Each structure stands twice: as C-alpha cells, then as structure tokens.
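Add 608 to a position in the sequence shown, counting from 1, and you land on the number used in the working numbering.
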Amino acid sequence: MEKDQVNALIKKYLDNMATAEEIQQLHDWYRSVNAELPVVLPYENAAEEKDAKHLMFENLTRRMQQDENPRKSAKWFYKLAAVAAILVIGAFFTYKFSAIKQLVQPTKQLTASTKFGERKLLQLTDGSKIWLGPGSTLNYPDKFNGATREITFEGEAYFEIAKDKKHPFIVHTDKTATRVLGTSFNIKSFKNKQNVEVALIEGKVAFTDGKAGLTLLPNQKVVYKKAGGSMQKSTFINGADIIARRDGEYKFDDEPVADVVADLERNFDTHIILKGKVGSCTFFGRKNKGESMDKFMNKLALIVNASVTKTANGYVLEGGGCR
C-alpha cells in the first residue's frame with residue numbers, strides 16, 4: 609500500500625471516521641511492515657503489553673533511520689507512532705493481529721461436521737477437546753505451526769482448550785472471534801440465528817467483532833446481536849447446566865416454546881409442528897439424559913397447557929393457554 613493511502617487511513621483512524629474494513633486494512637498493512645514483531649493480542653498482563661509497545665516503537669525507529677530523507681521520515685515516524693500507540697491500546701478489540709511472517713502454513717485443512725441428532729468429540733493435535741453439537745461445522749488445521757491456534761466454527765460446541773500462553777487459541781464465528789489461552793467455554797453461533805452466545809466456565813476469554821470487544825470471566829456470558837453489533841454481558845449461576853448440555857441433558861429456563869422446539873429438532877433430529885399460540889408460550893423445564901422424546905413432549909405440553917400428537921415424522925403441539 610502506498611504511503612499516501614496509508615496517510616489517508618491513518619487520518620480517518622485518528623478522526624474515528626474509519627470503517628471496520630479500513631481499520632482491518634490498516635492492521636494488515638501494519639503487519640506487513642513489521643514482520644518480526646511478535647504481537648498477539650489481547651495481552652495477558654500489563655508487562656506483556658509494555659513489551660509489545662516497546663518492540664513496536666523500536667521497529668518504527670529503525671524504519672525512520674533507514675529512510676533517505678530524514679525530515680520526511682521523521683514526520684512519517686510520528687504518524688506511524690501515533691497509530692501504533694492506538695493500535696496497541698485498542699488491540700484488545702481486534703481478533704486477528706498476529707505479526708509473524710515466518711508463520712508456517714498448516715499442511716492440511718480439515719473439516720468436521722455433524723447432522724441433526726449427531727454429536728462428535730474431537731481432540732486436536734495441541735490436546736484441545738471440542739464437543740461438536742448437532743448441525744455444526746468445524747474447520748481446523750491438522751497441526752498448529754504458527755503464533756496462534758486458529759479455527760473457524762459454526763453451530764454449537766463445548767471447548768476445552770489446552771493451555772499454551774505462547775500460542776493463543778482463536779475461534780472465528782461469522783462476524784466474531786473468541787480468543788483464549790487455556791479455558792472451557794460453550795459457543796452457539798448459527799447462520800440462521802440472530803445472536804451469537806459465548807458462555808465461560810473457567811479461564812478467561814476476549815470476545816470481539818473486530819470493532820468492539822469485552823472480556824469474560826468464569827460464570828459470565830455474552831450475547832452478541834448480529835444485526836446491530838451490540839454485546840450484552842451477564843452472569844449465570846450454574847455452569848454445571850452447560851456441561852450437562854454438552855453431555856445430552858438440556859435445561860430450558862423460561863424460554864419461548866418456538867426456541868425450545870428448534871433446539872429439540874436440531875439436537876434430536878425430529879420434526880415438531882406448532883399450532884395456535886403455543887409457540888409464544890415460555891417453558892421452564894429439563895430434558896434429562898436418556899429421557900424419551902415422547903415423555904418429554906408430554907411434559908412440555910402439560911406445562912404450557914397444550915396438546916401433543918405423535919406423527920410419522922415427529923409431533924404436533926397445539927394449544928396456547930399458557931400458564
């Protein structure tokens with residue numbers, strides 16, 4: 609990218625006028641001219657951030673000294689320095705800012721997917737375990753060779769990430785990314801759903817959409833609305849419910865019946881037709897592991913004051929006298 613183009617991007621960045629795409633272009637450019645800088649963000653502690661800043665400015669100083677025109681290079685240096693400082697400070701909200709050009713590409717890209725009603729347990733070469741839920745897809749390398757361990761995911765899965773401070777693990781999900789060092793968490797991210805949900809069991813994660821971000825601690829979750837890009841963080845009490853879901857037990861906490869039904873269809877490969885107003889009722893209950901679908905559907909119908917009929921393909925839930 610030419611210096612004039614970089615200058616224009618810098619000005620827009622400093623004036624808070626840059627788009628998400630332009631910010632990413634600036635980050636990509638910064639990576640390309642700072643190949644030796646081992647920056648992986650967000651930082652685990654203040655000392656790590658301080659070291660990264662120091663390396664950034666050292667590299668920029670070298671670039672200035674190598675320039676043939678000292679005055680021009682000095683002006684250029686200060687602009688670069690201002691952007692570097694902002695990028696370092698704001699990089700907590702950036703999910704793909706690793707600057708090692710010597711990164712060895714994985715020898716093979718693999719894909720694991722599940723059908724409705726199917727589950728898989730995967731163990732990656734770094735020791736991380738992923739419980740892939742029904743209707744989900746995971747793209748991952750056959751081995752991790754670079755500064756980060758990165759995968760792409762759609763669907764629902766429970767992650768137990770092997771701890772490795774030098775090689776953060778990044779899960780890319782549509783517009784968002786979740787960065788961890790070693791931790792356990794659950795992600796729901798379906799293309800046909802409006803929200804992305806990340807719930808943390810243990811450890812610490814940074815969640816971002818490339819424009820904004822936040823940090824999750826144990827027993828915290830974030831709900832990200834794709835349409836507006838808003839993030840809402842909250843606390844949950846019982847992480848055991850998330851682990852139970854991973855193992856086939858499902859708890860519904862005052863959820864719309866329409867959402868409960870969609871969850872059942874995906875996880876148990878069944879078909880449920882809603883008639884009347886029952887879809888807008890809310891349901892509080894649990895489908896226990898091993899509990900038959902017939903028994904659960906009768907329980908669901910009883911609680912929302914509806915009737916259930918079994919069909920060749922699944923069930924018809926009808927009524928709507930919500931209690």
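C-beta: ideal position from N, C-alpha, C; glycine also. A quick note: this is a predicted structure, and the numbers were derived from the prediction, not measured.
Inclusion of Glu758 and Ile778 in the CB contact set at 8 Å is warranted, their separation being smaller than that value. Here Ile880 is near Glu873, since their CB atoms are less than 8 Å apart. Looking at the DSSP output, Ser838 bridges to Lys833. Taking the Cα of Phe904 as reference, the smallest distance to any Cα among Ser736, Lys796, Leu925, Lys885 is reached at Leu925. Per DSSP, the continuous beta strand (DSSP E) segment holding Asn794 begins and ends at 792-797. Secondary structure of Arg727 (DSSP, three-state): coil. For Asp867, the three-state secondary structure derived from DSSP is helix. In the displayed model, Asn846 falls within coil according to three-state DSSP, outside both helix and strand. Going by beta carbons, Asn875 and Gly754 fall outside the 8 Å limit.
In this structure, Gly818 sits near Gln632, with a CB-CB distance shorter than 8 Å. For Ala820, there is no enclosing beta strand (DSSP E), as DSSP marks it with neither H nor E.
Look at the beta carbons and you see the region 823-834 touching the region 794-813: at least three pairs across the two are nearer than 8 Å. Within the same chain, and ignoring the five residues on either side of Thr722 in sequence, the residues whose Cβ sits closer than 6 Å to its Cβ are Lys728, Leu740, Pro742, Ser744. Short of 6 Å from the beta carbon of Thr823, and not among the five residues preceding or following it, lie these beta carbons of its own chain, in chain order: Ala814.
Under the three-state reduction of DSSP output, Phe892 falls in the strand class. In the three-state DSSP reduction, Leu789 falls in the coil class, being neither helix nor strand. Sequence-distant Cβ neighbours of Tyr858 in its own chain, meaning closer than 6 Å and more than five residues away, are Lys895. By the Cβ neighbour-count rule, Gly898 is exposed, with fewer than 16 other Cβ atoms within 10 Å of its own. In the DSSP annotation of this structure, Leu746 is not part of any alpha helix (DSSP H); the continuous beta strand (DSSP E) holding it starts and ends at 745-749. Straight-line spacing of the CA atoms in Met901 and His775 works out to 43 Å. Of the residues Ile851, Gly847, Gly821, Gln717, the one whose Cα lies closest to the Cα of Gly837 is Gly821. Judged by DSSP in its simplified three-state form, Asn827 adopts coil rather than helix or strand.
Taking each of Phe767, Thr878, Phe844 in turn and checking the Cα distance to Ala920, the smallest one comes out for Thr878.
Taking C-alpha positions only, Tyr766 is separated from Cys889 by approximately 28 Å. Counting C-beta atoms within 10 angstroms of its own C-beta, Asn794 has 16 or more neighbours from the protein chains shown and is therefore classed as buried. A direct Cα-Cα distance of roughly 11 Å separates Lys883 from Tyr923. Ser792 is a Cβ neighbour of Glu768, given a cutoff of 8 Å. Beta-carbon to beta-carbon, Ile911 and Gly887 are separated by about 14 Å, too far to satisfy the 8 Å threshold.
Gln802 and Arg853 have their alpha carbons spaced roughly 21 Å apart. Annotation: the region 898-929 contains the following complete segments of the alpha helix (DSSP H) (minimum length 4 residues), in chain order: 901-911. Within the same chain, Ser915, Val916, Leu925 come within 7 Å of Ala909 by CB-CB distance, once the 5 residues on both sides are set aside. Cα atoms of Glu863 and Phe891: separation of roughly 5 Å, rounded to the nearest angstrom.
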